[in-house]
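Data block below; observations after.
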Amino acid sequence: MTTKDLADLIFPNITKTIEDYEKEYPERDLPEGAKVTRYAPSPTGFMHIGNFMSATIDYVMAKQNGGVFYLRNEDTDGAREIEGAVEYIRHVLEHYNMNPDEYEYRDTQETKGIYGPYIQSERRDIYHAFIKHLIIEGKAYPCFLTQEEMDSIRESQTRDKKRIGIYGRFAKYRNLSPDEAAEKIKNGEKYTIRLKSSGDFNKKFKFNDLAFGEMEFPENDIDIPIMKSSNLLPTYHFAHLVDDHLMRTTHVIRGQEWVSSVPIHHELFKTFGFKLPKYVHTPLILKKDGDKIRKISKRLDPEARMTYYEEKGYPVYSVIEAIMTIANSNYEAWRESHPEAPFTEFEFSPKKMSASGALFDLDKLDNISKNYISKLKATEVFDMLDTWSKEYDKDFNDLINKYKEYTIEVLNIEREQKKPRKDYASLSEIKGQIWYMYDELFTDVTYEFDERFTKEDINEVLTTYFNEFYDDNDDKDTWFNKMKELTDKLGYCSNMKEYKENPDNYKGNVADISNIIRVGVTSKSQTPDLYIILKLLGKDRIVERISKIK
Ligand code: GLU
66 MTTKDLADLI FPNITKTIED YEKEYPERDL PEGAKVTRYA PSPTGFMHIG NFMSATIDYV
126 MAKQNGGVFY LRNEDTDGAR EIEGAVEYIR HVLEHYNMNP DEYEYRDTQE TKGIYGPYIQ
186 SERRDIYHAF IKHLIIEGKA YPCFLTQEEM DSIRESQTRD KKRIGIYGRF AKYRNLSPDE
246 AAEKIKNGEK YTIRLKSSGD FNKKFKFNDL AFGEMEFPEN DIDIPIMKSS NLLPTYHFAH
306 LVDDHLMRTT HVIRGQEWVS SVPIHHELFK TFGFKLPKYV HTPLILKKDG DKIRKISKRL
366 DPEARMTYYE EKGYPVYSVI EAIMTIANSN YEAWRESHPE APFTEFEFSP KKMSASGALF
426 DLDKLDNISK NYISKLKATE VFDMLDTWSK EYDKDFNDLI NKYKEYTIEV LNIEREQKKP
486 RKDYASLSEI KGQIWYMYDE LFTDVTYEFD ERFTKEDINE VLTTYFNEFY DDNDDKDTWF
546 NKMKELTDKL GYCSNMKEYK ENPDNYKGNV ADISNIIRVG VTSKSQTPDL YIILKLLGKD
606 RIVERISKIK
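Heads up, the sequence shown is in the working numbering, so the first residue is 66 and it goes up one at a time.
Next up, the structure:
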């Protein structure tokens, strides 16, 4: 029996060759310098911020020179698949406007691109053709080690402080003849297919990672499994080889946890004589925790999960800016000189990533976001708030839509000016800052009056002001002059300089008066422009409100 016979025994129905597939997946016809990137998540967990950073880099690097960004569903681990994970990935890409150029969505049966299927479990035959080729060439073999045997090998290796894995004398079935292997298979013995590695652990090779720079690794001498016995699908390593070769990926952007697998991938590509893609291993995302810096954790840190940003209502722009800022050290400077440009115009340079980890800071995100939101039009903020609250605060959504024009005016307070207020980092913060503008929410309030003033003082200021002075139609100057008149009339001082010289001659000053009015109307001692707030609320509603102060 030859290795070809053995390969036919294992894969009787696989007739296509590697060459056939290479014809089906031709070189891509793209402009010079265009990159082909892919986001290749395993649907075994919900997308976290590290995944998002990789996907963003995939996207920006592809868009930079007219390349292709595609989505590949790496679902070879059926048992660990989480329901809804794929749909969520799609949702996130849509939400952040980073839709892939090629994809396949099983639920809606949508697909785009000629390099599919883009779902690994649908590519079984393709992988088998590649594995079959290796068996024929004597570069892969069926391995009959049982789980117990492998456990005991691992134990002995741990005990003897040896490298873990199936290599050298541990690779017991590596040199079985095709006849011996065929007999075991015919007897129904379970097996996996392993690579017959050709590397020498004592030899080193150089590898250039676009982010981490030049690195040196020992060659791989481990006979890694390339096909799982459970579902006959390839292992990650093997699928990476086949898919990124056939789909003509030029840049593999993936988390730094894969750096240690480089020797395996190097060997696999060499074995087939395929060109190795370029690799960009993305750094870990770190966070400050007290005075320590540690890896961000899905378990400990809500902001590690992508759901956090949508729940809080951070604008798409803010999140992408924050990620780009930590992904590339010159992004911020670029943004300053290109305030209006879409982030895809930024020339992303993997060299400018921080190999030691990317420090993610929520305060920084808040700053970016406050700045961004402050520059939007009130109508734009309204639309964003409307979309967000529809999903996350239905009652508030009803309220802002019931009073839509009014809400837009409220959102416009101190907005269209040279230095707009930077109040909100996220949409979920808005209600907490404008609630007092809605009578429906103005119930059970706690007034923040200054304790220096008695109930009688407060009552006197409010009733005199609204009965004798305040008029909704006053312009700002008139309004302010009236406030001063009221101040003097009630024995407070409207001239701050004079007040400071003789404070004991007065009950208080003009700032105290405006503060009593502010608190009386809104309950808060700090608000944006009081003049506009009063105008928007209108005298009738105000009088009603102050009549209820006890
Ligand atoms: N499926 C792998 C993961 O989710 C992808 C790694 C890669 O991008 O190659 O970690």
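Glycine is no exception: its CB is placed at the ideal position from the N, C-alpha and C atoms. Computed from a predicted model, the values in this text were never measured in an experiment.
Secondary structure at residue i, three-state DSSP: helix, strand or coil?
{"i": "T552", "result": "helix"}
{"i": "G264", "result": "coil"}
{"i": "Y170", "result": "strand"}
{"i": "G497", "result": "helix"}
{"i": "G320", "result": "strand"}
{"i": "P182", "result": "coil"}
{"i": "H346", "result": "strand"}
{"i": "F277", "result": "coil"}
{"i": "F531", "result": "helix"}
{"i": "T257", "result": "strand"}
{"i": "P299", "result": "strand"}
{"i": "D599", "result": "According to the sequence displayed, residue 599 carries Leu and not Asp. Correct three-state label for L599: helix."}
{"i": "F282", "result": "strand"}
{"i": "A406", "result": "coil"}
In angstroms with no decimal places, state the Cα-to-Cα distance between residue i and residue j.
{"i": "R259", "j": "I388", "result": "39 Å"}
{"i": "Y501", "j": "K440", "result": "23 Å"}
{"i": "D504", "j": "V475", "result": "14 Å"}
{"i": "R517", "j": "Y437", "result": "39 Å"}
{"i": "N162", "j": "R155", "result": "11 Å"}
{"i": "D522", "j": "I114", "result": "54 Å"}
{"i": "E386", "j": "K416", "result": "19 Å"}
{"i": "E175", "j": "S491", "result": "33 Å"}
{"i": "T372", "j": "E609", "result": "42 Å"}
{"i": "I229", "j": "G378", "result": "46 Å"}
{"i": "H316", "j": "Y301", "result": "17 Å"}
{"i": "P342", "j": "E281", "result": "17 Å"}
{"i": "N524", "j": "K467", "result": "32 Å"}
{"i": "M118", "j": "I318", "result": "10 Å"}
{"i": "K227", "j": "H305", "result": "28 Å"}
{"i": "F509", "j": "K615", "result": "The residue you asked about is not Phe; residue 509 is Asp in the sequence shown. Roughly 12 Å between the two C-alpha positions."}
{"i": "N164", "j": "K496", "result": "31 Å"}
{"i": "D308", "j": "S262", "result": "20 Å"}
{"i": "I231", "j": "P108", "result": "28 Å"}
{"i": "P367", "j": "I196", "result": "42 Å"}
{"i": "H310", "j": "D94", "result": "15 Å"}
Along the beta strand (DSSP E) that carries residue i, what are the first and last residues, could you check?
{"i": "K360", "result": "357-360"}
{"i": "T102", "result": "101-104"}
{"i": "M215", "result": "Here M215 belongs to no beta strand (DSSP E); instead the alpha helix (DSSP H) covers 212-224."}
{"i": "E631", "result": "Because the chain spans 66 through 615 in this model, residue 631 falls outside it and cannot be assessed."}
{"i": "A205", "result": "205-208"}
{"i": "N130", "result": "Counting along the chain, N130 falls outside any beta strand (DSSP E), and DSSP gives it neither H nor E."}
{"i": "N273", "result": "269-274"}
{"i": "E175", "result": "175-177"}
Taking residue i as part of the alpha helix (DSSP H), name the residues at either end of that continuous run.
{"i": "V584", "result": "575-587"}
{"i": "D190", "result": "189-201"}
{"i": "D607", "result": "Reading the sequence as shown, one finds Ile at residue 607 and not Asp. Residues 604-611."}
{"i": "H330", "result": "327-337"}
{"i": "I289", "result": "It is not in any alpha helix (DSSP H) - I289 carries neither H nor E in the DSSP assignment."}
{"i": "E148", "result": "That residue, E148, is in no alpha helix (DSSP H); it is neither H nor E in DSSP."}
{"i": "S454", "result": "443-457"}
{"i": "T314", "result": "Neither: T314 is in no alpha helix (DSSP H) and is coded neither H nor E."}
{"i": "R400", "result": "396-402"}
{"i": "N567", "result": "That residue, N567, is in no alpha helix (DSSP H); it is neither H nor E in DSSP."}
{"i": "D70", "result": "68-75"}
Is the beta carbon of residue i within less than 7 Å of some heavy atom of the ligand SAM?
{"i": "S107", "result": "In the structure shown, the ligand SAM is absent; the only ligands present are the ligand GLU."}
What residues in its chain sit with their C-beta under 7 Å from that of residue i, if we drop five residues either side in the sequence?
{"i": "Y396", "result": "M389, T390, F411"}
{"i": "V446", "result": "I438, L476"}
{"i": "E376", "result": "Y457"}
Tell me which same chain residues have a C-beta within less than 8 Å of the C-beta of residue i, skipping the five on either side of it?
{"i": "E254", "result": "F209"}
{"i": "K604", "result": "F531, Y535, D536, D537"}
{"i": "T82", "result": "A194, H198"}
{"i": "Y571", "result": "G556, Y557, C558, Y564"}
Here's a check: name, in chain order, each residue in its chain whose Cβ is nearer than 6 Å to the Cβ of residue i, leaving out the five neighbours to either side.
{"i": "V157", "result": "M112, M371"}
{"i": "D123", "result": "T102, Y104, F134, I318"}
{"i": "L602", "result": "none"}
| query | Between the region 192-200 and the region 282-302, do three or more beta carbon pairs fall short of 8 Å? | reply | yes
| message | With a threshold of 8 Å, are at least 3 pairs of Cβ atoms found where one atom belongs to the region 94-105 and the other to the region 323-338? | response | no
| field | Inter-stretch contact at 8 Å, needing at least 3 Cβ pairs: the region 259-279 / the region 413-427 | value | yes
| Using 8 Å as the threshold, is the region 207-227 in touch with the region 235-246, meaning 3 or more CB pairs across them? | yes
| query | Does the region 213-232 come close enough to the region 342-355 to have 3 or more Cβ pairs within less than 8 Å? | reply | no
| task | Spell out a yes or no on whether the region 285-293 and the region 327-334 are touching, meaning 3 or more CB-CB pairs, one atom from each, closer than 8 Å. | result | yes
| message | Using a Cβ distance threshold of 8 Å, determine whether the region 180-187 contacts the region 134-153, with at least three qualifying pairs required. | response | yes
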